[in-house]
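Residue numbers (the numbering used here), protein chains in the order written: chain E, 4 to 491; chain V, 40 to 521; chain P, 862 to 957. For glycine and all other residues, C-beta sits at the position ideal for the given N, C-alpha and C.
What follows is the structure, encoded as C-alpha cells:
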C-alpha cells in the first residue's frame, strides 16, 4: 500500500488538474480503512465534514480561489488540539465526549488555508508518554511492525502519515513527542522554535515546553505545513511577534561551508549499534557534501532528562488541575465538591498522568521547591547557555533522534524510567525552546526506521531545513511501511 | 498585663476596566449567569491568558498614589488550590515579585495623623461566584452550590498594609482613606455592597512596648466600614480576654457575624495553604520601565490628601478641609470657582458642605445638576459679608437660586430680602430712634445692657426688618457711647 | 537512594482519590523517579534563570477591548449538571 502523494506533490497535481481534493481525501480514507484495525492511528474520523470541506476546496480552486500550499490537502490533527464541535479527548477518559466550543488557533489557520481535516489522531494520554500506549482508547501500533510501538506521544499522527491515511499531520512536542514517533515511524517530524506556533487551543501538558509542529513525509512538506500554522497569535501571551524566517529559503542551497556539531553526550550506553552507525554514516556523508564536522560537548545534557522530569510534571500538575468534573468532562460521585473532584480525577486519569501529577505536585510543594523545581530551572538555564556556546562554533547540532528503534509493545510499560529514556536526545531542545527536526535516514536490520535529528538556534528554521533537505537527499529514504491491507 | 493591638488590612479592589484581566470578556455587574465567559476565564482545556495592559496601568497608578516603588520587572505566579469557583484550580496572581512595594498612606484619626506602611500591591484575577442553595443559603447547611463565572477573571488588585494599624478606629479610617484614593484615581468604583472592594483584617495583640508580633488571626466577611471597625474591636477584646485567662491565640481564620457581633472560627483544612507558587509559564515577564512609570505618574489626579492640604492652605480648618475634600466633585468645583472669584474660603466651604448639600438631598437633585456655580456662591457670600442680607435671609436666597429664580442679587431683590447696610442712612435712623427713646438711653447709661436689644428692635421695626442687625447694634453702641 | 515521600499528603493536595495499593505503588515509583531527577542538584554552573523564553519575550499585552463571549448554550453543553444557566455542584464544605 503506497502512502499517496505528499503536500507539495498533491498541490502540484491539484493545480495541474490531475486530481481533486475529494479524490485525495478518498485515497486517504481508503488507506485509513485498510490499516486502522491493525494500527489504530485515529480516534475520530469525520468523513462527512471532511468530504464537505474537500468539495468546497475543489469548488474554490475552480473559481480561482487558491488558499496556498495546504489548499485541499487532507490533514490529521492530534487529539489534543481543540476542534469546535468535534470530540476532543486528549486520549483520556476524563474528556470522553467533550466537544470544545472553540477551535485552536492552528485549526482556524488550517481552515483559512483550505486544508481538509480528516480526523483526530491517537496520542499518549494528555501527551504524556513515548509510545502511545498510555492512550485510554488503546495504543497505536507501528505500521512497520504492528507488534511494536509507534512512539509517542504523537504516535497516531506519525503512523497516519507513514501509511498515508493523512497527507500531513500536526502533532505536539513537549519532550520529543513529534520527533521520536516520527523517527520510529520513518517520517519527518519537526518542533518549531518555542513561541512561533500558537498554543491557544492546544490542551496544555507543560506550558513552557509544548509546541505544535508538522509530521510529513518530506522536508519540503514540513516547511510548507509549518508556514501555514506559524506566526504571531494575540491569544497566546508567549507568542513571538517579531520577524519569522523563511523556512523554504535554504531547501536547495546545499550545505557547503556550514558547520555541523555532533553532540558528544548523545551517544554511548543505551544507544543501539544500528542507530549509532546510521548517525555516524550520515555525518560522514554530510562531511563529503561540504560541511565542517565538529564534536561539541554540552555537559548539561547529562542532567537534561532529570530537569525535564521535574519541570514538565510540575507544570502539568497545575495544567491538569482544571479537570475536576465541574464544568466539563467526567464527573465521579461525591457528597461534597472536594470528594467529587477527587473521585472524578481518580476515575478519569490513567496511571502515567496520575504519576506525573503526583510527581509535579511533590516537586512544587513547600520544602521541596528549591531542591527540585527551582534547581531544575537552573539546569534549564545552563542548557540554554551550553547551546549558546555551541552555536558560536557551529550552525546546527546533530544526533540520533532516539537511542533505539521502535521497541516492542509492552516492553517498557512497567518501567517508567526506561520509557523516559526514549526522550534523552529530544528533551534538550524543548528545555531550551529551540527548533529541531527528525528525518528518516535508513532502516535497521529488522526493517525498522532510524531517525536523525538536526537542531538549530532559536528562529534558525532556515538553516535547520537547509541541512535537513541535504540529509534527506543524502539518505535517499524512499520506503514505506509494508503494511498488508486488511479489509476494514 | 497591658496589651496593644496590631492590625494589618488586606484590601481587594476590582478594577473598572472594560474587559477582564486575561481575556476579552466584558467586566460588568448583574449580567445573566455565565454569559460573560470564554475559554480563558472558564478554564477550558487549551485556553491561555493574555495580560490586559490597562489593568497594569491601573495598578501602577494605585501604587504611585500610595507612594510605592513600582518594580522594574514583575512576573505572575500560579497560586495552586482547588475550589469550585476557581476554574483552573489555580489563580494567576503574584508571589514574591509584585508590581508595587513599600508605600504608605497617612491616616487621620481624630486629628492625629498616623502613617501606615503599605507592604505591596499586586495584580491577580478574581474568582467566579458561588451561591449556596438549601437551608437559608448559608454555607454550613447548603444542599448544593450554583456557580457563575461572570466574575471569574475580573482584574483584582490586592493591597496589603504593614501591621502598623493600632486601633479599630484607625482600621476604619485607613479603609476609608484607601477607598477615597482608589475612587479619586477612577480605577474602581470600590463599592462594598457590590463587592468591588473587600477587606480582610489581620489582628493580633502584644504586650505594650513589645516589638515582636503576636499570633495573628485573619478576620473575614466584614461588609461595611462600620462592621470592619466593630469586628476588629471585637477581635481585639476576644484575644485579650483569651490571654488574660491563660489561653493562647490560635492562628486561624475567623468569620465576622454581623448579627451576633462575634467572630466564628472557620475550620481550615490541614495542607490547604500549600499554594505551590511557581512563575506563570503562560505569561512573559513585565518590564515596567521608568519612562512608563513617569507617564503614569503624570496622569495621576490630585489625591485626597493633597486636596485637603490645599484647602487647609486656603485657610480652612482640618475638619472642614476634610469634609469638603470628600464632597462631591461638583460641589468642590463650585467652592473652588467661588474662591477664585474672591469669596471668603471658610464661608464658601461652609455653605457648600452645609446648606447646599442639605438642599440637594431634600430636593433629591444630584450635585452636578444643581443650578449653582462659583459665581453665584461668591455673590452670595459677598452679600452676607457686606451685610446686604442677613445670614438667615441668605438661606432663603440660596433656596431661590437653586430653584432657578435667578442670581442671588435678583432673588434677594425679588423676595425683598435686601437689608439696609449703609452706615450713613442707618446711622440717621439710629439717631432718630435714640432721640425717640430717651428712657432707654438713660437706662443704657445707667448700665442696663438689655436695653440695646430693645433699641435694636426699634430700629428693625422702623426699617421693617431690613436693617443689618449687626450694623444696627454697632451704630447704636457707637452713638450711645458718644 | 529512592526518595521518601508522604504520598497520601501529595495525593490529597492534588485531589486524587486513590486506593491504598495505588498509593503504595505510586510512592515506590515516584521515589525512583525522584532519585533520578535529584541529579539536577549536581549542576556545576550557577546560571540565573532570568527568562525561560528562548526569544526573551517580555511585555506581551492585550488592549482593554471587549471581545465576544461564548454562547452560553455551547458553554453548558459539556457540563455534567446545570440549573438555570448555573453550573451545579455539591456544597463545598467537607462532610466530617
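Exposure label - residue 338 of chain E; buried when at least 16 CB within 10 Å:
Residue 338 of chain E is exposed by the Cβ-count criterion.
State the beta-bridge partners of residue 216 of chain E as determined by DSSP.
E/174
Indicate whether residue 397 of chain E and residue 182 of chain E have their beta-carbon atoms separated by less than 8 Å.
no
Can you tell me whether DSSP reads residue 285 of chain E as helix, strand or coil?
helix
Best match in E/149, E/238, E/167 and E/429 for proximity to residue 29 of chain E [C-alpha to C-alpha]
E/167
Rounded to the nearest angstrom, how far is the Cβ of residue 57 of chain E from that of residue 24 of chain E, given a contact under 8 Å?
4 Å
Kindly indicate which residue of V/482, V/474, V/467 and V/230 has the alpha-carbon position closest to the one of residue 506 of chain V.
V/467
For residue 127 of chain V, the three-state DSSP class (helix, strand or coil)
coil
Could you give the C-beta distance for residue 335 of chain V and residue 210 of chain V, rounded to a whole number, given that I count them as a contact under 8 Å?
Not a contact, Cβ separation roughly 29 Å.
Taking 8 Å as the threshold (C-beta atoms), are residue 320 of chain E and residue 370 of chain E in contact?
no
Using C-beta distances below 8 Å, list every residue in its chain close to residue 361 of chain V, excluding the 5 sequence neighbours before and after it, in chain order.
147 and 347
Thinking just about the alpha-carbon of each residue, which of P/888, P/865 and P/896 is nearest to the one in residue 361 of chain E?
Of the candidates P/888, P/865 and P/896, the one whose C-alpha sits nearest the C-alpha of residue 361 of chain E is P/888.
Applying the 10 Å Cβ sphere with the 16-neighbour rule, what's the burial state of residue 944 of chain P?
exposed
Alpha-carbon spacing of residue 188 of chain V relative to residue 167 of chain V, whole angstroms
4 Å
Residue from E/205, E/50 and E/51 whose Cα sits closest to the Cα of residue 82 of chain E
Of the candidates E/205, E/50 and E/51, the one whose C-alpha sits nearest the C-alpha of residue 82 of chain E is E/205.
Contact the region 927-934 of chain P vs the region 412-423 of chain E: 3+ CB pairs below 8 Å:
no
Examine chain V for any beta-carbon lying closer than 8 Å to the beta-carbon of residue 394 of chain E, and answer yes or no.
no
If you scan the region 192-278 of chain E from start to end, which runs of the beta strand (DSSP E) of 3 or more residues do you find wholly inside it?
214-219 and 262-266
Please list the partners that residue 388 of chain E has in chain P, where partner means a Cβ-to-Cβ separation under 9 Å.
906 and 908
Using a C-beta cutoff of 8 Å, does residue 377 of chain V count as contacting chain P?
no
I need the boundaries of the beta strand (DSSP E) containing residue 46 of chain V, first residue and last residue.
Note, residue 46 of chain V: beta strand (DSSP E), 42-53.
Just the C-alpha distance for residue 16 of chain E and residue 31 of chain E, rounded to the nearest angstrom, thanks.
15 Å
Contact residues within the region 74-88 of chain E, judged by C-beta distance below 9 Å to chain V:
If the cut-off is 9 Å between Cβ atoms, the region 74-88 of chain E has 83, 84 and 85 near chain V.
Which runs of the beta strand (DSSP E), 3 residues or longer, sit entirely within the region 25-58 of chain E?
Complete beta strand (DSSP E) runs here, min 3: 45-48.
CB contact check: residue 914 of chain P to chain E, cutoff 8 Å
yes
Could you tell me whether the Cβ of residue 221 of chain E comes closer than 8 Å to any Cβ of chain P?
Interface with chain P (8 Å Cβ-Cβ cutoff): residue 221 of chain E is excluded.
Using beta-carbon positions only, say whether residue 340 of chain V and residue 215 of chain V come within less than 8 Å of one another.
Taking the C-beta atoms as reference points, residue 215 of chain V is found no nearer than 8 Å to residue 340 of chain V.
When you compare the CB of residue 344 of chain E with every CB in chain V, is at least one pair closer than 8 Å?
yes
State the Cα-Cα distance for the pair residue 412 of chain V and residue 303 of chain V, rounded to the nearest angstrom.
52 Å
So which residues of chain P does residue 65 of chain V contact, with C-beta pairs closer than 8 Å?
927 and 930
Run through the DSSP bridge pairs and tell me what residue 326 of chain V is partnered with.
V/112
For residue 545 of chain V, write down the residues that DSSP places opposite it in a beta bridge.
The question about residue 545 of chain V has no answer here: the residues shown for chain V are numbered 40 through 521.
Counting only the same chain and skipping the five closest in sequence on each side, list residues whose C-beta sits under 8 Å from that of residue 101 of chain E.
For residue 101 of chain E, where only same-chain residues beyond five positions count, the Cβ hits under 8 Å are 90, 91, 92, 331 and 332.
For residue 340 of chain E, which residues in chain P fall below 8 Å Cβ to Cβ?
950, 951, 952 and 953
Any alpha helix (DSSP H) of 4 or more consecutive residues that is wholly inside the region 297-348 of chain E
Secondary structure within the region 297-348 of chain E: the alpha helix (DSSP H) runs of 4 or more consecutive residues, fully enclosed, are 307-322 (chain order).
Reference residue 191 of chain E; option with closest CA among E/441, E/474, E/466 and E/470:
E/441
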